[in-house]
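If you want the numbering used here, it's the 1-based position in the sequence shown plus 2.
Yeah, the Cβ is synthetic: ideal placement off N, Cα and C, and Gly gets one too.
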Amino acid sequence: MVAVAVLAAGKGTRMKSDLPKVLHPLAGKPMVERVIRSVQGLPVERLLVVVGHGAAQVKQALAHLSGVEFVEQSPLLGTGHAVQQLIPYLQDFTGDLLVLNGDVPLLRPHTLAQLVATHEQGQYGVTLLTALLPDPTGYGRVICDGQFQVSAIIEDRDCTPAQRQNQRVNAGIYCFRWPQLREVLPRLTTANQQQEYYLTDTVQWLRPARAVDILDVAEILGINDRKQLATATQLLYQRWRDEWMRRGVTMIDPLSITLEDEVELAPDVILEPQTHLRGRTVVGAGSHIGPGCWLENSQIGHDVRIMYSVITNSTVQSNCQVGPFAHIREQTEVGVHCRVGNFVEIKKTQVGNDSRVAHLSYLGDAQLGAQVNVGAGTITANFDGRDKHPTVIGEGSKLGANSVLVAPVTLGAGVTVAAGSVVTEDVPNDALVIARARQVVKPHWRPPYLRHQEHEPSP
Ligand code: UD1
Ligand code: CA
């Protein structure tokens, strides 16, 4: 069993932001939440998050995670000072403490599990993740011998020019034997360039101290500015794309596709360029999405074809065709074998199986039975200026082009609505409703300014 401490109190000055750095969203989740999730699978006994700058905001953003204890740090006097705040919380704790920087969010759970395993097997005082970086600028440098025995960590700003040449960097991820660390924490001083208590200074007093080089250096990217945030986002997208391709998804131009970690794709899904899958979006086998789609928290069945469309918080069942240029939003459910075509917006609506809404329509707060055909330009007038009202359309009904259904209104099954109708009253089953002015034809009609002239029939 280990205790985990996430250091998340810093301001993150280099982000130039009102939002605390650790709350900046990284591929859809606050970066500190990604750090916390990276301990998944470890036998975690305690999970402590050190908060300081924007503490209330950070606590609120993490409130949905269970088992998190918050430790307040004030004032903020460095990473060593942050860990000193844990002492009263871990009085009786005698196990290992895994310390994670709240701004190092790309770690894989497997990497941390291995770090802990190495630490326990070797009975080290501290085991820390390190990496050899071609450009180590900004990171603390780890001084160690050929057997990875660490003697010290020197911060970039405190390095001599010779030490700065050392390319082995400190990832900011450590497994400490807590009783040993607790003994040496009070020894820390602020005798350094930043005048802070450095957690890294404890390593010189902990024996044996072991460095573990990471294989995939991308995992230890620390985020201090917006450029690193963008790099981290790209790396995560790439990780997830690679994984889905491995599992049988085709991606045309993968670099232009973005997707988040709760997305689920079946084999033989094809993603075209500029397709963006967000939140809990699920796509069934053989569906072909894009180019140019945004799908958010939506469930798409199998063999669905979607082009240039936006779908949020909705369900589209199998064998449907959507788009180009459709917008399906908020609790819409589209049944099987439907067509939702060009310039159609649908909101909070159920569309029954085998129905078609092919062109230029708005359906809001409506319930359509199966095999309904919605003619081009049909609109549900669902809003009276204050409230929204429902429209019900029975099975097999056909709505003529350019009709307006003024809600609340119910059309039975098998109803035909004449084109251009404005339907304000309920219609029974199997009826034809014509709700428009009768056509008037005036033969041989001429505008008043021509009426004095002799009439010549048009050719
Ligand atoms: C730290 C390490 C450095 C390492 C780098 C890896 C130290 C002294 N240096 O440097 O060796 O290479 O991480 O990314 O630890 N924090 C607090 N309270 C504080 C100060 C910081 O909770 O008083 C938190 C921050 O929110 C952040 C983390 O600790 O999540 C690291 O702090 P930061 O100031 O970014 O340290 P670095 O300079 O990056
Ligand atoms: Ca940092």
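>> Measuring straight from C-alpha to C-alpha, what distance separates valine 60 and leucine 25?
In response: Counting from one through the sequence shown, the residue named residue 60 turns up at place 58. Counting from one through the sequence shown, the residue named residue 25 turns up at place 23. One C-alpha to the other measures close to 7 Å.
>> So, at 6 Å on beta carbons, what are the nonlocal neighbours of isoleucine 145 in its own chain, with the 5 sequence-adjacent residues on each side left out?
In response: Position 143 of the sequence shown, counted from the first residue, corresponds to residue 145. Same-chain partners within the cutoff: Ser153 and Ala154.
> Hey, how far is the Cα of phenylalanine 72 from the Cα of leucine 117?
Replying inline: Mapped onto the sequence shown, residue 72 falls at position 70. Mapped onto the sequence shown, residue 117 falls at position 115. Phenylalanine 72 and leucine 117: Cα-Cα distance of roughly 24 Å.
> Which whole-angstrom value is the C-beta distance of leucine 109 and glutamate 221, which I expect to be below 8 Å?
Replying inline: The residue labelled residue 109 in the question sits at position 107 within the sequence shown. The residue labelled residue 221 in the question sits at position 219 within the sequence shown. With a Cβ gap of about 5 Å, leucine 109 and glutamate 221 count as contacting.
> In chain order, what residues of the same chain have a beta carbon less than 6 Å from the beta carbon of threonine 418, not counting five sequence neighbours either side?
Replying inline: Counted from its first residue, the sequence shown places residue 418 at position 416. Lys400 and Leu434.
>> Quick check: isoleucine 395 and leucine 370, are their CB atoms within less than 8 Å of each other?
In response: By one-based count along the sequence shown, residue 395 stands at place 393. By one-based count along the sequence shown, residue 370 stands at place 368. A contact, by the Cβ cut-off of 8 Å.
> When we look at the beta-carbon of phenylalanine 385 and count the other beta-carbons within 10 Å, is it buried (16 or more) or exposed?
Replying inline: The residue given as residue 385 occupies position 383 in the sequence shown. Phenylalanine 385 comes out exposed.
> Can we count glycine 224 as close to ligand 1, meaning its CB is less than 7 Å from some heavy atom?
Replying inline: Counting from 1 along the sequence shown, the entry for residue 224 is found at position 222. Result yes, Cβ under 7 Å from ligand 1.
> Taking buried to mean at least 16 other C-beta atoms within 10 Å of its own C-beta, is serine 289 buried or exposed?
Replying inline: By 1-based counting over the sequence shown, the position of residue 289 is 287. By the 10 Å Cβ count, serine 289 comes out buried.
> Under a Cβ-count criterion, where at least 16 other Cβ atoms within 10 Å of its own Cβ denotes burial, should tyrosine 451 be classed as buried or exposed?
Replying inline: For the purposes of this step, residue 451 is taken as the residue at position 449 of the sequence shown. Counting Cβ neighbours within 10 Å, tyrosine 451 comes out exposed, since fewer than 16 surround it.
> For glycine 43, is the classification buried or exposed, using 16 other Cβ atoms within 10 angstroms of its Cβ as the cut-off for buried?
Replying inline: Position 41 of the sequence shown, counting from 1, holds the residue named residue 43. That one is exposed.
> Rounded to whole angstroms, how far is the Cβ of valine 41 from the Cβ of proline 111, which I believe are closer than 8 Å?
Replying inline: The count along the sequence shown starts at 1 and reaches residue 41 at position 39. The count along the sequence shown starts at 1 and reaches residue 111 at position 109. About 7 Å separates the two Cβ atoms, so the contact holds.
> For ligand 2, any of its heavy atoms closer than 7 Å to the Cβ of arginine 344?
Replying inline: Within the sequence shown, numbered from 1, the residue matching residue 344 stands at position 342. For the sequence presented, residue 344 should be read as asparagine rather than arginine. No; taking the cut-off as 7 Å, the Cβ of asparagine 344 has no heavy atom of ligand 2 nearer than that.
> Three or more beta-carbon pairs under 8 Å between the stretch 100 to 108 and the stretch 158 to 170, yes or no?
Replying inline: no
> Is it the case that the Cβ atoms of alanine 11 and alanine 84 are separated by a distance below 8 Å?
Replying inline: Numbered from its first residue, the sequence shown carries residue 11 at position 9. Numbered from its first residue, the sequence shown carries residue 84 at position 82. Cβ distance < 8 Å, so alanine 11 and alanine 84 count as in contact.
> Using a threshold of 7 Å, is the CB atom of histidine 361 nearer than that to any non-hydrogen atom of ligand 1?
Replying inline: For the purposes of this step, residue 361 is taken as residue 359 along the sequence shown, with counting starting at 1. Flag unset: Cβ of histidine 361 not near ligand 1.
> To which residues does DSSP link glycine 368 through a beta bridge?
Replying inline: On the sequence shown, residue 368 is found 366 positions in, with the first residue counted as 1. A small fix is needed here, since residue 368 is alanine in this sequence, not glycine. Answer by DSSP bridge pairing, in chain order: Thr393.
>> My assumption, with CB atoms under 8 Å, is that valine 424 sits in contact with arginine 438. Please give the rounded CB distance.
In response: For the purposes of this step, residue 424 is taken as the residue at position 422 of the sequence shown. For the purposes of this step, residue 438 is taken as the residue at position 436 of the sequence shown. Rounded, the Cβ-Cβ distance is 7 Å, consistent with contact.
> Touch check for the stretch 246 to 261 and the stretch 167 to 183: three-plus C-beta pairs under 8 Å?
Replying inline: no
> For alanine 84, is the beta carbon positioned less than 7 Å from some heavy atom of ligand 1?
Replying inline: Along the sequence shown, read from residue 1 onward, the residue named residue 84 stands at position 82. The answer is yes for alanine 84.
> Between Val34, Val271 and Ser300, which lies nearest to isoleucine 291 when the distance is taken from Cα to Cα?
Replying inline: Looking up residue 291 in the sequence shown gives position 289. Looking at the Cα atoms, Val271 is the closest of the given residues.
> For lysine 349, which residues from the same chain have a beta carbon less than 6 Å from its beta carbon, with the 5 sequence-adjacent residues on both sides left out?
Replying inline: Translated into the one-based positions of the sequence shown, residue 349 becomes position 347. Once the five neighbours on either side are set aside, the close Cβ partners of lysine 349 are Arg331, Glu332 and Gly366.
> Given leucine 88, which residues of its chain have a CB within under 7 Å of its CB, disregarding the five upstream and five downstream residues?
Replying inline: Mapped onto the sequence shown, residue 88 falls at position 86. Answer for leucine 88: Ala7, Leu50 and Val73, listed in chain order.
> For glycine 343, which of helix, strand or coil comes out of DSSP?
Replying inline: The residue given as residue 343 occupies position 341 in the sequence shown. Strand, per DSSP.
> Can you tell me the Cα-Cα spacing of asparagine 226 and serine 76, whole angstroms?
Replying inline: Position 224 of the sequence shown, counted from the start, is the residue given in the question as residue 226. Position 74 of the sequence shown, counted from the start, is the residue given in the question as residue 76. Taking the straight line from one Cα to the other gives about 21 Å.
>> Since leucine 78 and leucine 100 should fall inside the 8 Å C-beta cutoff, what is the C-beta to C-beta distance between them, to a whole number of angstroms?
In response: As a position in the sequence shown, residue 78 is number 76, starting the count at 1. As a position in the sequence shown, residue 100 is number 98, starting the count at 1. Between leucine 100 and leucine 78 the Cβ distance is about 21 Å, and since that is not below 8 Å, they are no contact.
> Looking at leucine 208 and leucine 183, is the spacing between their C-beta atoms short of 8 Å?
Replying inline: As a first step, residue 183 must be located in the sequence shown, where it is residue number 181. As a first step, residue 208 must be located in the sequence shown, where it is residue number 206. It is a contact, given that the beta carbons lie within the stated cut-off.
> First and last residue of the alpha helix (DSSP H) that includes valine 205?
Replying inline: Reading the sequence shown from its first residue, position 203 is the one you call residue 205. No alpha helix (DSSP H) holds valine 205; DSSP gives it neither H nor E.
> Under the criterion of a Cβ to heavy atom distance below 7 Å, does asparagine 168 qualify as lining ligand 1?
Replying inline: For the purposes of this step, residue 168 is taken as residue 166 along the sequence shown, with counting starting at 1. Flag unset: Cβ of asparagine 168 not near ligand 1.
>> For glutamine 165 and glutamine 206, what's the separation of their Cα atoms in angstroms?
In response: Within the sequence shown, residue 165 is the residue found at index 163, counting from 1. Within the sequence shown, residue 206 is the residue found at index 204, counting from 1. So the two alpha carbons sit approximately 16 Å from each other.
> glycine 281 and glutamate 298 look like a contact to me (Cβ under 8 Å); what is the Cβ gap, rounded to whole Å?
Replying inline: As a working note, residue 281 is residue 279 in the sequence shown. As a working note, residue 298 is residue 296 in the sequence shown. Their Cβ separation, rounded to whole angstroms, is 5 Å, which keeps glycine 281 and glutamate 298 in contact under 8 Å.
> Would you call threonine 162 buried or exposed, if buried means 16 or more other Cβ atoms sit within 10 Å of its Cβ?
Replying inline: Within the sequence shown, residue 162 is the residue found at index 160, counting from 1. With fewer than 16 other Cβ atoms within 10 Å, it is exposed.
> Candidates Gln373, Ala383, Gly422 and Ile381: which alpha carbon is nearest glycine 414's?
Replying inline: Start at 1 with the first residue of the sequence shown, and residue 414 comes out as number 412. That would be Gln373, whose Cα lies nearest to the Cα of glycine 414.
> How about glutamate 335 and threonine 317: do their beta carbons lie closer than 8 Å?
Replying inline: Position 333 of the sequence shown, counting from 1, holds the residue named residue 335. Position 315 of the sequence shown, counting from 1, holds the residue named residue 317. Contact flag set, yes.
> According to DSSP, which residues form a beta bridge with phenylalanine 178?
Replying inline: Taking the sequence shown and counting its residues from 1, one reaches residue 178 at position 176. Phenylalanine 178 is bridged to Leu99 and Val128.
> Fully enclosed by the stretch 244 to 314, which beta strand (DSSP E) runs are 3 residues long or longer?
Replying inline: 277 to 280, 295 to 298 and 312 to 314
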